[in-house]
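Peer 1: Residue numbers for the sequence shown follow this note's numbering, so the first one is 294 and each next one is one higher.
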Amino acid sequence: MVLALCAFGISVTAYSQERAAMQKVKAAPLKDVFGDKFYMGVAINRNQANGTDKKAQAILSSQFNSISPENDMKWEKIHPAKNTYDFKHADAYVDFGIKNKMFVIGHTLIWHSQTPDWVFEDSNGKPLSREALLTVMKDHITTVVTRYKGKISGWDVVNEAFNEDGTFRQSKWFTIIGEDFIEKAFEYAHAADPKAELYYNDYNVYKTAKRAGILKLVQKLKAANIAITAVGEQGHYNLSNPPVSEVESVITDFAALNIITNFTELDISVLPDKDANLTADVSTKETYNAKYNPYTKSLPDAVLKSLAKRYADLFKVFVKHSDTVSRITFWGLTDGDSWLNDFPMPGRTNYPLLYDRKYNEKTEVINFIKSTL
Ligand code: G3I
Numbered sequence: 294m295v296l297a298l299c300a301f302g303i304s305v306t307a308y309s310q311e312r313a314a315m316q317k318v319k320a321a322p323l324k325d326v327f328g329d330k331f332y333m334g335v336a337i338n339r340n341q342a343n344g345t346d347k348k349a350q351a352i353l354s355s356q357f358n359s360i361s362p363e364n365d366m367k368w369e370k371i372h373p374a375k376n377t378y379d380f381k382h383a384d385a386y387v388d389f390g391i392k393n394k395m396f397v398i399g400h401t402l403i404w405h406s407q408t409p410d411w412v413f414e415d416s417n418g419k420p421l422s423r424e425a426l427l428t429v430m431k432d433h434i435t436t437v438v439t440r441y442k443g444k445i446s447g448w449d450v451v452n453e454a455f456n457e458d459g460t461f462r463q464s465k466w467f468t469i470i471g472e473d474f475i476e477k478a479f480e481y482a483h484a485a486d487p488k489a490e491l492y493y494n495d496y497n498v499y500k501t502a503k504r505a506g507i508l509k510l511v512q513k514l515k516a517a518n519i520a521i522t523a524v525g526e527q528g529h530y531n532l533s534n535p536p537v538s539e540v541e542s543v544i545t546d547f548a549a550l551n552i553i554t555n556f557t558e559l560d561i562s563v564l565p566d567k568d569a570n571l572t573a574d575v576s577t578k579e580t581y582n583a584k585y586n587p588y589t590k591s592l593p594d595a596v597l598k599s600l601a602k603r604y605a606d607l608f609k610v611f612v613k614h615s616d617t618v619s620r621i622t623f624w625g626l627t628d629g630d631s632w633l634n635d636f637p638m639p640g641r642t643n644y645p646l647l648y649d650r651k652y653n654e655k656t657e658v659i660n661f662i663k664s665t666l
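1) Enumerate in chain order the residues of its own chain whose CB-to-CB distance from residue 493 is below 6 Å, with the five nearest sequence positions on each side excluded.
2) Among the residues of its own chain, which have a CB less than 7 Å from the CB of residue 647, if the five just before and after it don't count?
3) Distance check for residue 640 and residue 586, CA to CA, integer angstroms please.
4) Taking residue 599 and residue 532 to be in contact with their CB atoms under 8 Å, please state how far apart those CB atoms are, rounded to whole angstroms.
5) Counting C-beta neighbours from all protein chains within 10 Å, is the total for residue 442 16 or more, i.e. buried, or is it exposed?
6) Go ahead and pull the three-state DSSP assignment for residue 662.
7) Check this for me: beta carbons of residue 400 and residue 346, under 7 Å apart or not?
8) According to DSSP, which residues form a beta bridge with residue 429?
9) Which runs of the alpha helix (DSSP H), 4 residues or longer, sit entirely within the segment 386 to 456?
10) Take residue 444 and list the residues in its own chain whose beta-carbon comes closer than 7 Å to its own, dropping the five residues that flank it on each side.
11) Give the range of the alpha helix (DSSP H) segment to which residue 606 is assigned.
12) Count the other C-beta atoms from every protein chain shown that fall within 10 angstroms of the C-beta of residue 635, then say buried if there are 16 or more, exposed otherwise.
13) Could you check where the alpha helix (DSSP H) with residue 633 kicks off and where it finishes?
14) Threshold first: 3 residues or longer. Then list the beta strand (DSSP E) segments lying entirely within the segment 552 to 589, N to C.
15) Straight-line CA distance for residue 503 to residue 460?
16) Going by the DSSP bridge assignment, what does residue 495 pair with across the sheet?
17) Tell me which residues share the same chain as residue 535 and place their Cβ nearer than 7 Å to its Cβ, disregarding the 5 neighbours each side in the sequence.
18) Looking at the secondary structure, which residues open and close the beta strand (DSSP E) in which residue 623 lies?
19) For the putative contact between residue 352 and residue 652, defined by C-beta atoms under 8 Å, what is the C-beta separation to the nearest angstrom?
20) Kindly indicate which three-state DSSP category residue 333 falls into: helix, strand or coil?
21) Find the nearest neighbour of residue 615 within the set 628, 506, 553, 650, judged by alpha-carbon distance.
22) To the nearest angstrom, how far is the alpha carbon of residue 295 from that of residue 312?
23) Whole angstroms are fine: how far does the CA of residue 417 sit from the CA of residue 603?
24) Give me the Cα-Cα distance between residue 664 and residue 517, rounded to the nearest whole angstrom.
25) Thinking C-alpha only, which one of 343, 666, 495 is nearest residue 403?
26) Give every residue of the same chain whose Cβ lies closer than 7 Å to the Cβ of residue 629, excluding the five residues on either side of it in the sequence, and list them in chain order.
27) Could you pull out every residue in the same chain whose Cβ sits closer than 8 Å to the Cβ of residue 512, ignoring the five residues on either side in sequence?
28) Does DSSP classify residue 309 as helix, strand or coil?
29) When the Cα of residue 407 is compared with those of 319, 666, 590, 574, which residue comes out closest?
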């Protein structure tokens, strides 16, 4: 090998130096390897935040420098009834991030899902007027953002407001307030913490028609001088879809508007899909069918290799555009934590993340990701 290298004019010293450098990169934590490119983030659950899951905490604090709350800051959790806020779990989440000097994300202020009915109704169960709903929205956003001012660095202000064809989702926010519910949400969040980064977050932004709607929204916000820092492409992908070229278009299209793209909920399902159309719409439900659950015991090596390659192909694009990509967040730490075990079909065994069910890193996947630098 060494002789062959010498024949090609590569000195033994240069070769050994390169090998040593590669070994060093492989040994370094993810957050350090990509430290000057983007934050390495991960969504965490309640047990991870409060320390019940100590094994997870050790990995989180050593490998990642940003966290998102998988569930505990959603409206139904934090503001379950009209005059009742419950910050216990959200506080534990934020404390964990601050203690570990992480870039802490708030997820999510305004969403059509996981928002209790009372939000949209008066005391007789009748729909609120536009003005009354705006008051509820303002109270919620102001209370939550103010509580974590200076601690939460970036907020998913509005989540999933568009349909796949780029039209507005007919959510209660949209039908009662009108399309400027998004502008209002951003204004209230900015007023509560002018220094926080503010994001619009959605899935399947790689789809041209959907992205066209979001690009129009961003242009509108910018024209009105409303602060928006980035668009989050959630990134719930599978082994073959979407093609990386379509992922790259997300980054370049928003960069043309001077907007950062973050990949905010990245995971890669390795299981066969019943429906070829990827979706992360939480209302999608399929009946269990063993045909779509082929790896109940373990992940075959060939599939692990495909997962490694797929992640590496995506990271090549993220690294190439790291001037306009500032965070990559995985939607969960271990395969056992992943929502994809139950979505869209409950009861499957999926392997979408960087750590297996025993908290072991998938070395092959992680090294492939690191090698994209
Ligand atoms: O905690 C309860 C548990 O006590 C109960 O026994 C069990 C029975 O169903 O439910 C548990 O709650 C579930 C919760 O996840 C925690 O596992 C809820 O039913 C379930 O609806 C909830 O799903 C979450 C989903 O959002 C809806 O909020 C997923 O964990 C979470 O990963 C997912 O995250 C969303 C993002 O916020 C937005 N983008 C899409 C993404 C994936 O759907």
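Beta carbons are placed, not taken as given, at the ideal position from N, Cα and C, and that holds for glycine.
Peer 2: A quick look at the data gives this:
1) The residue you call residue 493 lines up with position 200 of the sequence shown. Correct list, in chain order: 451, 524.
2) On the sequence shown, position 354 is the one that residue 647 refers to. Answer for residue 647: 623, 654, 655, 658, 659, listed in chain order.
3) Here residue 586 refers to the residue found at position 293 of the sequence shown. Here residue 640 refers to the residue found at position 347 of the sequence shown. Rounded to the nearest angstrom, the two C-alpha atoms are 9 Å apart.
4) Here residue 599 refers to the residue found at position 306 when the sequence shown is read from its first residue. Here residue 532 refers to the residue found at position 239 when the sequence shown is read from its first residue. Indeed they touch by this definition, with Cβ atoms about 5 Å apart.
5) Translated into positions along the sequence shown, residue 442 becomes position 149. Within a 10 Å sphere around the beta-carbon of residue 442 sit fewer than 16 other beta-carbons, which makes this residue exposed.
6) Start at 1 with the first residue of the sequence shown, and residue 662 comes out as number 369. In the three-state reduction of the DSSP assignment, residue 662 falls in the helix class.
7) As a working note, residue 400 is residue 107 in the sequence shown. As a working note, residue 346 is residue 53 in the sequence shown. With respect to the 7 Å criterion, residue 400 and residue 346 are not classified as neighbours on the basis of their beta carbons.
8) As a first step, residue 429 must be located in the sequence shown, where it is residue number 136. According to DSSP, residue 429 bridges with nothing at all.
9) Along the segment 386 to 456, the alpha helix (DSSP H) occurs as fully enclosed runs of 4 or more residues at 423 to 440, listed in sequence order.
10) Counting from 1 along the sequence shown, the entry for residue 444 is found at position 151. The beta carbon of residue 444 is closer than 7 Å to those of 387, 391, 397 in its chain, skipping five residues each way along the sequence.
11) Here residue 606 refers to the residue found at position 313 of the sequence shown. Taken as a continuous stretch (DSSP letters only), the alpha helix (DSSP H) holding residue 606 covers 594 to 613.
12) Along the sequence shown, one-based indexing puts residue 635 at 342. Here residue 635 is exposed. Its C-beta has fewer than 16 other C-beta atoms within 10 Å.
13) What you label residue 633 is simply residue 340 of the sequence shown in a count that begins at 1. Going by DSSP, residue 633 is part of no alpha helix (DSSP H) at all; its letter is neither H nor E.
14) Segments of the beta strand (DSSP E) lying fully in the segment 552 to 589: 553 to 562.
15) Taking the first residue of the sequence shown as position 1, residue 503 is located at position 210. Taking the first residue of the sequence shown as position 1, residue 460 is located at position 167. Going by the C-alpha atoms only, they are around 7 Å apart.
16) Translated into positions along the sequence shown, residue 495 becomes position 202. Bridge partners of residue 495: 526.
17) Within the sequence shown, numbered from 1, the residue matching residue 535 stands at position 242. The answer, listed in chain order, is 499.
18) Here residue 623 is taken as the residue at index 330 of the sequence shown, counted from 1. Per DSSP, residue 623 belongs to the beta strand (DSSP E) from 618 to 623.
19) Taking the first residue of the sequence shown as 1, we reach residue 352 at position 59. Taking the first residue of the sequence shown as 1, we reach residue 652 at position 359. Residue 352 to residue 652, Cβ: 7 Å. Contact.
20) Translated into positions along the sequence shown, residue 333 becomes position 40. Residue state, collapsed to three classes: strand.
21) Stepping through the sequence shown from its first residue, residue 615 is reached at position 322. When the alpha-carbon of residue 615 is set against those of 628, 506, 553, 650, the nearest one is in 553.
22) Counting from 1 along the sequence shown, the entry for residue 295 is found at position 2. Counting from 1 along the sequence shown, the entry for residue 312 is found at position 19. Model confidence at residue 295 stands at a pLDDT of 44, short of 50, so the residue's coordinates are unreliable; what they give is reported in the following sentence. Using only the alpha carbons, I get a separation of about 12 Å.
23) Counting from one through the sequence shown, the residue named residue 603 turns up at place 310. Counting from one through the sequence shown, the residue named residue 417 turns up at place 124. Each residue's alpha carbon lies about 52 Å from the other.
24) The sequence position of residue 664 within the sequence shown is 371, counting from 1. The sequence position of residue 517 within the sequence shown is 224, counting from 1. Across the structure, residue 664 and residue 517 are spaced so that their CA atoms are roughly 42 Å apart.
25) As a working mapping, residue 403 is identified with position 110 in the sequence shown. If we check each option's Cα against that of residue 403, 495 comes out closest.
26) Position 336 of the sequence shown, counting from 1, holds the residue named residue 629. Only 650 meet the Cβ criterion.
27) Against the sequence shown, residue 512 aligns to sequence position 219. Within the same chain, residue 512 has close Cβ partners 550.
28) Residue 309 sits at position 16 when you count from the first residue of the sequence shown. Here residue 309 sits in helix by DSSP.
29) Your numbering for residue 407 matches position 114 in the sequence shown. Considering only alpha carbons, the answer is 574.
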